[in-house]
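Colleague: The structure's right below; bear with me while I get my questions together.
Protein chains: 2
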Amino acid sequence: MTRNNESLISDRARLLGPKLPTFYEEPVHIVKGEGVWLWDADGRKYLDCYNNVPHVGHCNPRVVEAIHRQASTLNTHTRYLHDGILDYIERLTGTMDASLNTAVLTCTGSEANDIALRMAEAVTGKRGIVATDATYHGNTALVSQLSRSNIPSAGFGLDRFFRFVPAPDSYRNTDPDGSNFADAVTTKIEELKASGIGFAALVVCPYFLNEGFPNHRDGWLKPVAETVRKEGGILICDEVQSGFGRTGTHFWAHQKMGVVPDVLTLGKPMANGHPVGGVVTNAETMKVFRSGFRYFNTFGGNPVSCAAAMAVLEEMDDKKLMANANRVGEYARGRLEAIRQKYDCIGDVRGSGLIFGAELVLDRESRKPASAFTDRLVNAMRHRGIILSRLGRGKNTLKIRPPMPFTVHNADLLFDTLDEVLAETPLIQ
Amino acid sequence: MTRNNESLISDRARLLGPKLPTFYEEPVHIVKGEGVWLWDADGRKYLDCYNNVPHVGHCNPRVVEAIHRQASTLNTHTRYLHDGILDYIERLTGTMDASLNTAVLTCTGSEANDIALRMAEAVTGKRGIVATDATYHGNTALVSQLSRSNIPSAGFGLDRFFRFVPAPDSYRNTDPDGSNFADAVTTKIEELKASGIGFAALVVCPYFLNEGFPNHRDGWLKPVAETVRKEGGILICDEVQSGFGRTGTHFWAHQKMGVVPDVLTLGKPMANGHPVGGVVTNAETMKVFRSGFRYFNTFGGNPVSCAAAMAVLEEMDDKKLMANANRVGEYARGRLEAIRQKYDCIGDVRGSGLIFGAELVLDRESRKPASAFTDRLVNAMRHRGIILSRLGRGKNTLKIRPPMPFTVHNADLLFDTLDEVLAETPLIQ
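If you're matching them up, the sequences are chains A and B in order. Residue 168 in our numbering is what sits at position 167 of the first sequence, and the numbering runs on without skipping anything. Residue 96 in our numbering is what sits at position 95 of the second sequence, and the numbering runs on without skipping anything.
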C-alpha cells in the first residue's frame, strides 16, 4: 500500500518498535534511485552525496542484470561446488597483498567483524580488543561492544574485553607520523595485560571514517601496526566503509596507510546493496580459525551474492571509478576549501577521493564543534535536494560519501547549494 | 571460469580455507535449479528432497521477478521511509498470535538469534540460556555457543551462560505430554540459578528439526513453556527451519506445539534464498530491547529483501503450498511406512508436512543408530539423482525437507529410488 509520511512514521513505530532511527527531522520517503539520484514519493529529486552502499550507483544496470541472471539460474549454498565464489575471491584478493589470499563470505559487515574478533582469539589465545572511542563496527552481541556511542545494556558481559583509545583528531592534536596513536594503543594493551585478559587485536577503520576521517599522511598506521605485532596481537582493518577504491588513491585504505592487516573485513558497498560481507585473511589465520570452528553461513557466498559482488568489481574496472573518485574528490576538496575561505564556521576541510567533508566550528580559535548548527545545515540541505550527513565525535563533520560515479558537475551542484545554505543559516549553537 | 570438480575442490581449499564442509563423498557441482529440480555441470538432473531455503521452488519466477523489479527501482536502508518493510511485517505478523506484532528484519537467522538472546537478557536481566544438546541456531560468537556439535574453541568465554538438556527422542524415550522435557529444563534452570548466572531463556526449534524431528503430539511444548514462564524466563522459538507452513498443519510449528513464544526467529526460507532473517516479538519486549540498543542493520529490511520475502508469502497463498505440504507429506509418510514394513533397518518413520524421514537402526531391538549405513545410503541416493541428507544425534535419520511445491509424483520417484537403494545396500555398520 502507499502511505503518507504520517502513516509511515506511525506504522514504523507500531511494526518496527520505538526508537528506530531515521535520517532528518522530517524523514524522507524515497521510492526510486538511479546512479547518484534519488526520488521521493512526491517526485522530488535528490542528489545523493551520502550513500556508499550503492557503490557503483543506485540500481546499477550491470549489478541488477547480474542478480537477475543468477537468481533465474541458481541460488544455493556453498555445500555444493560452484565457480562463482571462487572466481570472486580470486579477483577480490587479487587487489590485495599476496598474504591476504583466503576469505569467508558472510551477509553483513557485522557478521564479518564477529568472525574477525574470533579469529583474533583463535590465533592469540587472548580476548582483549582495542578500538577507538568514536567508532562503529556492527551490531552482533560481540561487535556492538565496539561502539561507545551505543553502550549496550544487554551484552552478556562482553564489555570487559574491550578498551578504547581516543579517536585520532588531526584538527586538534598533532600526531604527524601516528606515533602518539601507537602510544595510546600501547597503554591500553598494557591495561589489558595487567588485567589478565591479555591482548588479541586492534580493530580500526584505516581511514577512521566514523571518527571524522582525520587528515593523515600516507603510511600513518605503520607505528601502531608495529606496536600491535610487537605486543603479540593482530591488526584487524575494517574496510566496510573505506574500501573498494573509495579514497581514490588506493583500492584499500590500509594500503594508503602503509600496512597489511592480518584480517580485513568488508561489507556495505561490496555488492551494491545486495547483502554481502566478507573476511579476508592469510592462510595461517584461516587455518587456525577453521580448526576451531565449523563455521558455515547458509546465505554467505551464494551464487547470486557472488554474481552481484563480481559485477561491482567489473563495473569499477570498466568505468574506472577509482580514478574518477580521485579526480572528482580533488575537485570537491578544492571547492570546499574555497567555501572555507568565505565562512569562518568551516574549520577544516578533509578527505581523500570520494570521502570528503568539513568540520564546522563555533569559531576557528576555540575549534569548538558547531554540532547543532551542523544538524540544521544537514536538514536545510535535505530541503534543497541534497542528501548528506554528519559524523565525528562532535557530530559536526559533514560526511560526504556519494556513490562512486559522482561527477564534477554533481560536485558543483552540491557546493553551489552548500554555499547558498551557509549564507542563509545563522551560526547559533 | 569453468572448473572441473578436482579444480573446484582444490581452489576451495586454497581460497576458502580448509575444513569447509561439502555434502557427499563426491561433492556435487550444481549449476542450475528450477522448482524441485537441480542440474549439475554434466547436465545430470537431481530431485531436490533436501533444500528448504528455496521454499517456493528453485528460481521461483514470482520471487525472481520481485527481486528484479525492486532492484531496478530502489534498494536502500530503513533510515528512509518505505512502504515495503511495513507491508511485509503487517502480512507476516498477520499469520501469528496477536501478541506477536512487531519485528526486526536482519539478513540471516544467525543475526536474528543473536538479537533474540539479547532480548532475553534485556527483559530478564539474566544471561542463562537453555537449549537441547543436538541443536544448531547459527554462527555468531554468541549463538554458535548453542551448538554442542561444534564447540567453539574461541568464543570469548560465552559458553558459561549456556546449559543443555538431552534432545527429545520420541523413538527411545516416552514423554507423551512433554512433561519429562519440562522437568529436564527445570533442572538446568535450577543449575543456572544456583550458579548465580540466573535464567533468561529457553531456545528451541518447536519441531526439533536438528534433533531429528521426534514425533510429538500437538501441544507438546505446553508444559515446558509454563515452566519457563514460572521461572521468570522467556521462550524463544527458532522457526528458521520449521516455519512458513513446512509442517503442513500450521503456518508456524509453535502453533502446532500449543505455545506462543515471547520471541520468534526466522531465516532460511523467508525470501527463498535472498538473505533475509527476522525477529518477531511483542511490543513490550521490543520496547525494552530498543531502549537498551540502537540496533540498526544496514541491509536488514531493505526494499529488495522485503519484496522477495513478500513474494514468498504471496506464492504460498496463491499456490496453496501449506495444504500441498500437508497432503504430499501424508502420502510420503504412507509410502515410507510401507518401505519400513519391507526393511528391518528402518526403525521409525516421522514427520509432518514436508519435513519427514526415517530413523535407520542396526536392529529394531537395540535401536542402535545405523550411522555409517545412513551415510552410505545418502551417498547412494545422490548417485541415483536424489538429493537428501541425514541428521539427529546419531546422524542416522534421513532428513527429507524439499521445496514446498513437491508433488506426489516427486514423492514416488524418491521412494521408488529409496526402495531400490535399500535393496542393494548391505546393512553393515
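Where is the CB? At the ideal position from N, CA and C, for every residue including glycine.
Which residues, in chain order, does the region 79-98 of chain B contribute to contact with chain A at a C-beta distance below 8 Å?
Modeller: 79, 80, 81, 82, 83, 84, 86, 87, 88, 90, 91 and 94
Colleague: Going by C-alpha to C-alpha distance, which of 93/A, 194/A, 157/A and 53/A sits closest to residue 16/B?
Modeller: Indexing the second sequence from 1 puts residue 16/B at position 15. Residue 93/A is the option with its Cα nearest to residue 16/B.
Colleague: Could you give the DSSP three-state label for residue 33/A: helix, strand or coil?
Modeller: Mapped onto the first sequence, residue 33/A falls at position 32. DSSP places residue 33/A in strand when its eight states are reduced to three.
Colleague: Check whether the region 121-141 of chain A touches the region 309-328 of chain A, taking contact to mean three or more Cβ pairs, one atom from each stretch, closer than 8 Å.
Modeller: no
Colleague: Cβ closer than 8 Å: which chain A residues qualify as neighbours of residue 60/B?
Modeller: Taking the second sequence and counting its residues from 1, one reaches residue 60/B at position 59. Going along chain A in sequence order, the residues near residue 60/B (Cβ under 8 Å) are 72, 73, 74, 75 and 76.
Colleague: Does residue 346/A have its Cβ less than 9 Å from a Cβ in chain B?
Modeller: As a first step, residue 346/A is located in the first sequence; it is residue number 345 there, counting from the start. The beta carbon of residue 346/A does not come within 9 Å of any beta carbon belonging to chain B, so the residue lies off that interface.
Colleague: Helix, strand or coil for residue 107/A per DSSP?
Modeller: In the first sequence, the residue the question calls residue 107/A occupies position 106. For residue 107/A, the secondary structure class from DSSP, reduced to helix, strand or coil, is strand.
Colleague: Can you tell me whether residue 175/B is buried or exposed? The criterion is at least 16 other CB atoms within 10 Å of its CB, across all chains shown.
Modeller: Position 174 of the second sequence, counting from 1, holds the residue named residue 175/B. If you draw a 10 Å sphere on the C-beta of residue 175/B, you find fewer than 16 other C-beta atoms in it, and that means exposed.
Colleague: Check each candidate in 25/A, 30/A and 51/A and name the one with the smallest Cα separation from residue 37/A.
Modeller: For the purposes of this step, residue 37/A is taken as residue 36 along the first sequence, with counting starting at 1. Ranking the options by Cα distance to residue 37/A, first place goes to 51/A.
Colleague: CA-CA distance, residue 340/B and residue 404/B?
Modeller: Start at 1 with the first residue of the second sequence, and residue 340/B comes out as number 339. Start at 1 with the first residue of the second sequence, and residue 404/B comes out as number 403. For residue 340/B and residue 404/B, the distance between alpha carbons rounds to 23 Å.
Colleague: Tell me, please, whether the CB atom of residue 299/B is closer than 9 Å to any CB atom in chain A?
Modeller: Reading the second sequence from its first residue, position 298 is the one you call residue 299/B. Judged by the 9 Å Cβ criterion, residue 299/B is in contact with chain A.
Colleague: So residue 69/A contacts chain B; which residues on that side make the cut at Cβ distance below 8 Å?
Modeller: On the first sequence, position 68 is the one that residue 69/A refers to. Here the neighbours are 65, 68, 69 and 72.
Colleague: Does DSSP classify residue 374/A as helix, strand or coil?
Modeller: Mapped onto the first sequence, residue 374/A falls at position 373. Reduced to three states, the DSSP call for residue 374/A is helix.
Colleague: Does any CB atom of chain A fall closer than 9 Å to the CB of residue 112/B?
Modeller: Residue 112/B sits at position 111 when you count from the first residue of the second sequence. Yes, residue 112/B counts as interfacial toward chain A.
Colleague: Is residue 10/A close to chain B? Criterion is C-beta to C-beta, closer than 9 Å.
Modeller: Position 9 of the first sequence, counting from 1, holds the residue named residue 10/A. Closer than 9 Å to some Cβ of chain B, the Cβ of residue 10/A qualifies, so yes.
Colleague: What do you get for residue 365/A, buried or exposed, if any count of 16 or more other CB atoms within 10 angstroms of its CB means buried?
Modeller: As a position in the first sequence, residue 365/A is number 364, starting the count at 1. Counting Cβ neighbours within 10 Å, residue 365/A comes out exposed, since fewer than 16 surround it.
Colleague: Determine whether the beta carbon atoms of residue 169/A and residue 207/A lie at a separation below 9 Å.
Modeller: Taking the first sequence and counting its residues from 1, one reaches residue 169/A at position 168. Taking the first sequence and counting its residues from 1, one reaches residue 207/A at position 206. No; because the gap between Cβ atoms is not below 9 Å, this pair is not in contact.
Colleague: Considering just the uninterrupted stretch of the alpha helix (DSSP H) at residue 330/A, what are its terminal residues?
Modeller: For the purposes of this step, residue 330/A is taken as the residue at position 329 of the first sequence. Run containing residue 330/A: 322-343, per the alpha helix (DSSP H) assignment.
Colleague: Residue 287/B: which of 306/B, 78/B, 427/B and 106/B sits nearest, CA to CA?
Modeller: Start at 1 with the first residue of the second sequence, and residue 287/B comes out as number 286. Comparing Cα-Cα distances from residue 287/B to each of 306/B, 78/B, 427/B and 106/B, the minimum goes to 106/B.
Colleague: Looking only at its chain, what residues have a beta carbon closer than 6 Å to the beta carbon of residue 148/A, apart from the 5 residues adjacent to it on each side?
Modeller: Taking the first sequence and counting its residues from 1, one reaches residue 148/A at position 147. So the list reads 137, once near-sequence residues are dropped.
Colleague: With a threshold of 9 Å between beta-carbons, can residue 235/B be considered close to chain A, or not?
Modeller: By one-based count along the second sequence, residue 235/B stands at place 234. So, not an interface residue.
Colleague: Run through chain A and tell me which residues come within less than 9 Å of residue 52/B, C-beta to C-beta.
Modeller: Numbered from its first residue, the second sequence carries residue 52/B at position 51. What residue 52/B touches in chain A: 77 and 78.
Colleague: What do you reckon, are the CB atoms on residue 435/A and residue 167/A nearer than 9 Å?
Modeller: Because chain A is modelled from 2 through 430, residue 435/A falls outside the range shown and cannot be assessed.
Colleague: Given this structure, state the Cα-to-Cα distance separating residue 126/A from residue 78/B, to the nearest angstrom.
Modeller: The count along the first sequence starts at 1 and reaches residue 126/A at position 125. The count along the second sequence starts at 1 and reaches residue 78/B at position 77. Cα to Cα, the separation comes out at about 37 Å.
Colleague: In this structure, how does DSSP classify residue 252/A when only helix, strand and coil are distinguished?
Modeller: Along the first sequence, one-based indexing puts residue 252/A at 251. In the structure shown, residue 252/A sits in coil (DSSP, three-state: anything other than H, G, I, E or B).
Colleague: Between 252/A, 200/A and 376/A, which lies nearest to residue 128/A when the distance is taken from Cα to Cα?
Modeller: Along the first sequence, one-based indexing puts residue 128/A at 127. Closest option to residue 128/A, Cα to Cα, is 200/A.
Colleague: What does residue 411/A touch in chain B if you count any residue whose Cβ is under 9 Å from its own?
Modeller: Translated into the one-based positions of the first sequence, residue 411/A becomes position 410. The contacting residues do not exist; residue 411/A stays about 18 Å from chain B at best.
Colleague: What is the DSSP secondary structure of residue 27/A, reduced to helix, strand or coil?
Modeller: Taking the first sequence and counting its residues from 1, one reaches residue 27/A at position 26. Coil.
Colleague: Quick one: what's residue 82/A bridged to in DSSP?
Modeller: Residue numbering aside, residue 82/A sits at position 81 when the first sequence is read from its first letter. According to DSSP, which records beta bridges pairwise, residue 82/A is partnered with 30/B.
Colleague: To the nearest whole angstrom, what separates the beta carbons of residue 1/A and residue 113/A, a pair I think is in contact under 8 Å?
Modeller: With chain A represented from 2 up to 430, any question about residue 1/A goes unanswered, as that position is not in the structure.
Colleague: Check whether chain A comes within 9 Å of residue 379/B, counting only Cβ atoms and requiring the distance to be less than that.
Modeller: Here residue 379/B refers to the residue found at position 378 of the second sequence. No, because no Cβ of chain A sits closer than 9 Å to the Cβ of residue 379/B.
Colleague: What does residue 192/A touch in chain B if you count any residue whose Cβ is under 9 Å from its own?
Modeller: As a position in the first sequence, residue 192/A is number 191, starting the count at 1. None at all; the shortest Cβ gap to chain B is about 18 Å.
Colleague: Output the distance between the C-alpha atoms of residue 5/A and residue 248/B, rounded to the nearest integer angstrom.
Modeller: Locating residue 5/A in the first sequence gives position 4, where the first residue counts as 1. Locating residue 248/B in the second sequence gives position 247, where the first residue counts as 1. Each residue's alpha carbon lies about 39 Å from the other.
Colleague: From the DSSP output, read off the bridge partner residues of residue 204/B.
Modeller: Against the second sequence, residue 204/B aligns to sequence position 203. According to DSSP, residue 204/B bridges with 237/B.
Colleague: Below 8 Å, can you find three or more Cβ-Cβ pairs linking the region 292-305 of chain A to the region 71-90 of chain A?
Modeller: yes
Colleague: With 7 Å as the limit, tell me which residues of the region 22-35 of chain B have their beta carbon closer than that to any beta carbon of chain A; keep them in chain order.
Modeller: 22, 23, 24, 28, 29, 30, 31, 32, 33 and 34
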